[in-house]
Structure formats: C-alpha cells, structure tokens
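Protein sequences, first through last, are from chains A and B.
FYI, the numbering for the first sequence is 1451 to 1617, going by our numbering.
FYI, the numbering for the second sequence is 666 to 1443, going by our numbering.
Idealized CB from N, CA, C, for every residue including glycine.
Below: one structure, written as structure tokens.
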Amino acid sequence: MTRSITVTINGTERRDEVEPRLLLVHYLRENCGLTGTHVGCDTSQCGACTVHLDGRAVKSCSLFAVQVDGRSLTTIEGLGATEMHPLQKAFWSEHGLQCGFCTPGFIMAAAQLLADNPEPTDEDIVKALEGNLCRCTGYENIMRSVRSAVKAARTPAAAAEPVQVGG
Amino acid sequence: MAVTTMIGASIQRREDPRLVTGHGAYIDDLTRPQMVHMTVVRSPFAHAAIRGLDVAAARSAPGVVAVLTAADFRAVIGGGIPVANAFVPDKAQVPDQFHVAESEAIYQGEAIAVVIASSSYAAADAAELVRIDFDPLPAVMDVDKAIQPGSPLVASGRPDNIGWDAVFPGGDIDAAFTEADVVVKERIHQQRVLPVPMEGRGCIAEFDNYDNRLTLWTSTQVPHFVRLFLSTALGMAESQVRVIAPHVGGAFGSKIRPYPEEYLASAASKLLGRPVKWIEDRSENLVATTHGRGQVYDIEVAAKRDGTLLGLKLTQILDIGAYHGVFSAFQVVACLVAGGPYTWKAVHGRSIGVFTNRTSTDPYRGAGRPEATHLCERAVDLVARELNMDPVEVRRKNFVKEFPHPNNFGLVYDSGDYDKTLNRALEIVDYPALRRRQEELRAQGRYLGVGLSTYVEICGIGPSAATAPAAGVALVESSMVRVHPTGSVTVTVGTHAHGQGHDTTFAQIVADTLGVPYDTVEIRHGDTNESPFGYGTYGSRSLAVGGISILKSCQKVVDKARHLAAHVLEAAEEDVVHDAGRYHVKGSPETAKTIGELAFAAYGAGLPEGMEQGLEAVTYFDPPNFVWPFGAHICVVEIDAETGNVAIERYVAVDDCGNVINPMIVDGQIHGGIAQGIAQALYEEVRYDESGLMLTGTFLDYLVPTIAEMPHFETERTVTPSPTNELGVKGIGEAGTIASSAAVINAIVDALSPLGIRHVDMPARPDRIWKMMQEAKA
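Quick look at the structure:
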C-alpha cells in the first residue's frame, strides 16, 4: 500500500508514491537523492537529519514522508544553492567541522536560530544547538562559526571570505 | 590575503565546501546498480547456546533475496579474523572468531545470520522473522572474578578466561621501593566507553563473478589492511580486490580493524552475484563496533620525602571482551609509557587481558596512552597529597629535562621542554591567584578545584625497529608524487583521513616542497587501486610518518628536476638552485625553468643520458623513532555541594606537537580530543545488568555530551621541533584525549580534598560525587 504525496523540496515540486511508514529522512535520501541529510542515530538524539519544514527546523527521522504532503522542505542542498549561506561560509572559515557528518544538521539548526533571532547570545546558540551531536569538534569551533555568521550578517563587508591561496 | 609560504599557515580546508553544502559522499550516500540490502541478525544475549535456527519464514518474506547462515559463509570465507601481536606476541590463548556465531553466541550483538532483501526496510522486516532457539547461559562480566580459577567460562571449550598475562620490567623495582619514604596505592578504573563516530560503519560489496574481482566500499581508517585481510580470507589475490574508503564520518580508532560485516557482505555478494549494501544503525553501532578502555589499574608509587619519584608498579587488568580485538593488546602500551614525563628509577608493569561476555575492546582515541596519563597524573597527585606538597612542585622536581631521554623501557623521548608548557599554563590561569581564591571559597564552604595534567605521548607509529617485534608489522607509510606534463601534481597516499583535513595539510607540504601553486596539487587517498600499500590513519601517525613520506617523494622529484634543469640550462648540477619552484643557475635567477616546464620536458625527448621519462617518485618512509608530543592542561572546576554536579570553570591547554603545518587544524584536533577526555571523565560509561544486557544501548542512555556540556577551551602552543623527522613535526590527533581526563579528575579530587577524599573514579557523575561527599561528611 502506498500513498501519493506532493512536496516542494528546495523550491521544486515533486510527486511520489510512498509507503506510509517511510521516514522523511529516508524519503529525502532514497527517493529524492538528497544525501546531504544524514542519519546519525535511531532515537532522534543526534540531529544530523535536521531539515526545514515550512521554515522550521525539524529532525527528519522523526516524521513520516506522508506527514509532509502539501508542505515545503529545505535541505542542506537547498540552503546555499546559488551562493553559500553565511553559516556555510562561517563553518568553513572557522573550522566548524572535521569529518563533516553532523555538519548539515548543525547548519540547518543554526539557520533556524538566525532566521528567528539575528543577534543570538551564546546562551541562545547553545539552546538552539543542544539537540545536535558532534563528536569531532568539541563544539568550540561550532560556537565560533555561529558567532562569526552573526557578525558577518551584521557587517556584510566583514563576511567570512576564504583565504586566498596559491598566489 | 596572499599566502606565499603554505607550511605554518591556517589555510581553510579544501575538504569543506562540499561538506558544508551536503555534497559529501559517505558510505550510505553511495549506491550501485542491482544493489540489495543486508541486515544482520544478532544475539540479544551476552551468552547463549544456539539450539536451533529457523529461517524459513524470513526467506519467504516479501522482497527477500536470501537468508545466509554460518554454513553458507563457511563455504566462501576461509577463516576468521587475524589478531595482531601488539606488544603481546605470546598470548595465553587466541580463540578463533568466525564472522557469525554457530553453536554459541558469546556477546550481545554477535552476528548469527544475515537477511538480504530488495530494500533495507524489507530486510529489517524479514530479520524479525528469523527464529533462533537460544538457551541463555551465565554471563562472565566481572574481570576480577573471571581471572579466578574455576570461574565460569566466556565460551565453552576455552581453558580459562585469560587472553594474556604479560610482565614488563623496567628496571629494579624492588630496589626503587626499598629507598622509599612513602608508598601510596590506589585502584583506578578506566570504564568502558564507546567511540561513537557520528557515522556508524557500513559497506557495499560488489563481486564480479565473471572477472572474479571484488570491490568493497567501506567506512574504514585502513583500506589497505582491509584488502589484505579480505583477500586472504576469500582466497583471492590482493590484485583482485579493490577497497575504497569514501568520506568517513569519524572513527576515533573504531574503524581500524576489519570487521565481520565486511567479510559477510563480500561473501554474500559473491554468492548472489549482486552488490550488497550494509549500513550499521546506531543501536547496532553501540554493540557491534568495538568499545574503548575497559580497564582497571592497581598502582603503587614509591617516593622520597622531598617529592622525588622512585618507583611505579602497575597492574593493568584489561577487559578484552568475548574475542581479542584485532589490536586490543596495543593498549598494553600503557605499561610502557606509564611513567609519563617523569624520571623514575624503575617502572614495573603487568598486563592481564581478561575475556568477558562483552563486545571486544580495541583502540579508541589514545588507546593505552590516556590510561597511562590518567594513572600517572593521579599517582603524582597522590604523592603530592601524601607529602603535603604542591602538585606543581612534585611535577617540576621530577620532569625529564634532558633529551633524547630513554625511558625505563628503552623508548626514547625525542625532544621536550616540560617546564615550558607547564609554566605557560600556570601563567594563563594565574595559579597563585587561583589557589588564593580556592582558600577563600573553601572558607565559604564552596568546592573549587584545580587539576593538572602534564603529559607526554608516544605517537607517529611507528619505526619498524619497534613495531615489527611489537606489532608483527613494519608500520611505515607510503606516498606517490606525480608531476604531470603540464605541471599539475597528483599525490596518492596510504593514509586515510576521516576528519583530520589531510587533503589540505598534505597539499601545503607539497606546494612548499615542490614550489608549485597549492591549487595545482591534488591529494588522493582511500583507494587501494590508486595508492601504494599503506598502513592507514591512527596513532597520530599520518603527518609524522605519512607526511614525511610525502616530503621525501617531493624531494626525489625536486632532485630529478634539478638534474634535468642542469641539462636544459647547460650547467653543472651543483650550480643549479631550486627556489620556490624555479630552477636557475647560481647568480642568474633571470633565466629560470619552472618545475612545470621541466615536467613537460621530462616526458619528452632529449633527456640527459641515463634519465628515464616521467617526473614522479614513490616513498615508503620508515621513521627512526616515534615522536613524543607533550603539554600541560589545567582544569578548574567547581562542585555544587547540593547536587554533586561538576562545572568546568576553565580549561586551559598548552600543547607542544613540534612544528605545525596548519595551526587551525591542530587547534581543532586539540578541541575535539579534550572533549572526548572530558566526556569520559564526567559522563560516558557503558553499563550492563548482571545477565550481560547492555543498559546504555541508545543515545538516550549513553551520554554523549552536547554543546551545553562543553566548556570553552583556551589553547596555546609551544614549539619544540622533533629531531625525528625533517619537518620537525609530531602528532596531535590524540593529545587532547590523552591529557584531559586526568586534568578533570585531579581538579575534582582537589576540590573535594577538604573532605578527605583522595580519589574519584570516572565518570564523575553528580550521583557518584554527591554520595562520596555525603559519606565523607558522615
């Protein structure tokens, strides 16, 4: 038994036949080929699968695909489709990732925070990201990355630019 | 900002643009035509006889392609998993571990059968239909009881539960203790912990029955090891097996050993003629991937009244788990480096490896060295406490001061300046002011503690002279540097990064050494068809061994290009200067040939007599010694008397890993390393009930710290170059973890010392601390 769903993903509408039990994260990865959304646990603790559903950060392992019928999703691939999002630039410039597996989830969770609150305190950042796990960074540079993105948004000229190399 | 010298610059990682935009290629992101999915049916019991196995219902479930059991795999796989010597060549027993249990399951999570189906959902559904008739048996869980004669056995047919019992004498220990004014003793627990990379394991095996070739994509730190082991087990030539490690989402030592699932997926693909994918879920990861630590230490320390350290006796009791990990005995290295950065008359170690009905332990970030630092730094604090001395003074008094320094086991510390890192760390925290504040707070009934950890670690594994006898292999590392006719450069290496930023760091070395633009250098790793045989990434070795191999390959290329430049410039070779990628005759810098021009010439005609075409070199680097990073970490904690909660107020780390290629990456390694040590000190522990059932089987129960638990890390560096290699580099992947648990626990004990508490075991959870405080006050 399958059900038909219509979903707008990263600005493009698509229709799929899915099993009612299919998790949203598996729908995104297997049906849509959007493998930037990762699975890091099976109890909704790690947040590696965080995406935006109608603009709100959700853990896509804790929803079924059928629950997003008629709704709009943004995944990490859609966040900086034309140009890197300030958070993507900041995670790059501040070494906010090592293995990179948790990174899309952190960026999506932080993007929700900055959309709601462009001037978050450190405490706000901690609250927004405490549902995500990282095993590589000790969170030090994740904190710095979010702070850096906040600063860049405040003063666009000071936006994190890559170091010019090879010259 | 223009960067002209790459070595030493915090270049942003070239790995990252794809990773931050969701375009990485981790194992579960890959797919193959006609691919089917494997689910492993595992034992829910720590110990049970398998009386029967009924797979009929699973076989006829929707979407199922096959259900395979031991008999199927025995027909294809020629044996179990080899166990490395790893410091204990004469093990008491090495039980054979086949990849699936047959008559007896001896740890929770042990594989028994596999279900292969058209989708992972169908495979999981059918796995529920496999009927196994278990007869549960008593689980052996306590190492102290397990070593007693007559103990119940971990597995039937074994003589006892002892995996090894090895003694490591480092000097005349009796003489050292004879001189002692004081002797302190303690039992120190190193609880079992989980490595928990955010990506679990996984693989795709694709067997081509027409060409008799196997390609295995697998999330591993050691693609060449996996190929070696697999080809042997499957009866194939290594040349018929290609192992590809894609992006690896963290590992921390848990992806060094080849695992049963890599064999099972490969065999299944051979039997079915279709690519087989297996992806570990998190619940599986916590029981089926190797664990770390799981040790108990009984220590005795002899010292003089003035604080001079004399002798250290330690007995390491290591919970091996049900089977030897491939490299579990490596953790015996704790005995050999237990003396830390101090001078001792003698250090005497004994290691007993004990089987229990648990998942195997194997290297986890630091592997033996965090344990050594922890016991040594606790020992020094216990001596200071006994003698009523400042722990800083005991450390200073006993630091090794002259290098090279052979320790009590003949391992030679290459370079160091232990006072320098300690002094800088003390300066950062303003130690005297901190002690005054501690006195003030104590007067108010508050518990502030200051903990030191001055560590030295052995890494850069390793020189064949040491690793061949200890590990049974020469842990050298390889590289191939090829300059193409148009001047771009491809470098293939035997290491395999899983978050360390090797693509960036290695390219920095190549750009500087060859004198070519950084962007023209491509670093490739993880594919056994591309690179020379390599030993992989672990033991903080990739730079100090692999990086030096790259440097040497580059130097060979530079030398050949110089020979060619002399020919082209019609000059004597000794008169040709190589300056940042340009070759010119001394005194005539205006007439120069770039390495790119010489590369083009090198593939053409008219070469010097005897010179072959091409511009490339291969190096297998065998280092003359290990490298020995060191440093001083200081942790300041305050303990809440009402709840026992430990709050880290400051964490200061001054590390010295010799010369640094990319400071940003080095800082990142330190941060992550410290975090894992703090996690062990305060939160993480694998717990079991009496029947052997794991009680911490999900992230709900196993407390991996979040951003809310981690303090800010204040990091600095001193630079004492290593004389072991030309770049003067050491290693940094494990240092943070090696240092940090001791700093945290020493701080907690210091905070609680007014209550007469002299030792606290890990994890120092609030309930444990609160109980200790209540008992001490009673």
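Asked	Found
The stretch 1244-1258 of chain B: positions lying closer than 9 Å to chain A by Cβ	none
Neighbour list for residue 1482 of chain A in chain B, Cβ cutoff strictly below 7 Å	Result: empty, since nearest Cβ-Cβ is about 12 Å, beyond 7 Å.
Bounding residues of the alpha helix (DSSP H) (the contiguous stretch that carries residue 801 of chain B)	No alpha helix (DSSP H) holds residue 801 of chain B; the beta strand (DSSP E) holding it covers 796-801.
Beta carbon of residue 1126 of chain B nearer than 7 Å to that of residue 1206 of chain B	yes
Per-residue DSSP class, three states only, for residue 683 of chain B	helix
Within the stretch 1010-1054 of chain B, ranges of the alpha helix (DSSP H) (whole runs, at least 4 residues)	1034-1052
For residue 1300 of chain B, the residue or residues it bridges with in DSSP	B/1116, B/1316
For residue 978 of chain B: DSSP bridge partner residues	B/965, B/1013
Beta carbon proximity, residue 746 of chain B to chain A, threshold 7 Å	no
Counted within 10 angstroms of its Cβ, other Cβ atoms place residue 1427 of chain B as buried (16 or more) or exposed	buried
Interface flag, residue 686 of chain B vs chain A, CB-CB below 7 Å	yes
Span of the alpha helix (DSSP H), counted from its first residue to its last, around residue 1096 of chain B	1096-1108
Any chain B beta carbon closer than 7 Å to residue 1589 of chain A	yes
Of the residues B/1239, B/677, B/1079, the one placed nearest residue 1389 of chain B, counting alpha carbons only	B/1079
Through-space distance from residue 1164 of chain B to residue 785 of chain B, alpha-carbon basis	28 Å
Segment limits, alpha helix (DSSP H) that includes residue 1240 of chain B	Segment: none, residue 1240 of chain B is in no alpha helix (DSSP H) and carries neither H nor E.
Inter-residue Cα distance where the pair is residue 1430 of chain B and residue 1378 of chain B	21 Å
C-beta atoms of residue 742 of chain B and residue 898 of chain B nearer than 7 Å	yes
Residue 785 of chain B: first and last residue of the uninterrupted beta strand (DSSP E) it sits in	Premise fails: residue 785 of chain B lies in the alpha helix (DSSP H), 785-792, not in any beta strand (DSSP E).
Cβ contact check for the stretch 1143-1157 of chain B and the stretch 1258-1266 of chain B: 3 or more pairs under 8 Å	yes
Cut-off 8 Å between Cβ atoms - residues of its own chain near residue 1197 of chain B, not counting five sequence neighbours on either side	1143, 1144, 1145, 1157, 1159, 1283, 1285
C-beta neighbour in chain B for residue 1517 of chain A, strict 7 Å	no
Proximity winner among B/985, B/971, B/749, B/1098, relative to residue 1061 of chain B (alpha-carbon distances)	B/971
Neighbour-count burial assignment, residue 1105 of chain B, 16 or more Cβ in a 10 Å radius	exposed
Beta carbon proximity, residue 971 of chain B to chain A, threshold 7 Å	no
Residues of its chain near residue 1579 of chain A, where Cβ-Cβ distance is below 6 Å and the 5 sequence neighbours each way are ignored	1559
Proximal chain B residues relative to residue 1526 of chain A, where beta-carbon distance stays under 7 Å	686, 687
Residue from B/838, B/931, B/894 whose Cα sits closest to the Cα of residue 868 of chain B	B/931
Three-way DSSP call (helix, strand, coil) for residue 1586 of chain A in this model	coil
Contact with chain A by residue 871 of chain B, beta-carbon distance below 7 Å	no
Partner residues on chain B for residue 1583 of chain A, Cβ-Cβ distance less than 8 Å	863, 1364, 1369, 1371
Test: residue 1340 of chain B CB closer than 7 Å to a CB of chain A	yes
Residue 1557 of chain A: first and last residue of the uninterrupted alpha helix (DSSP H) it sits in	1553-1566
Span of the alpha helix (DSSP H) around residue 1409 of chain B	1400-1417
Which of helix, strand or coil DSSP assigns to residue 647 of chain B	Residue 647 of chain B lies beyond the residue range present for chain B, which begins at 666 and ends at 1443; the question has no answer from this structure.
Interface residues of chain B facing residue 1586 of chain A [CB-CB closer than 7 Å]	915, 1164, 1337
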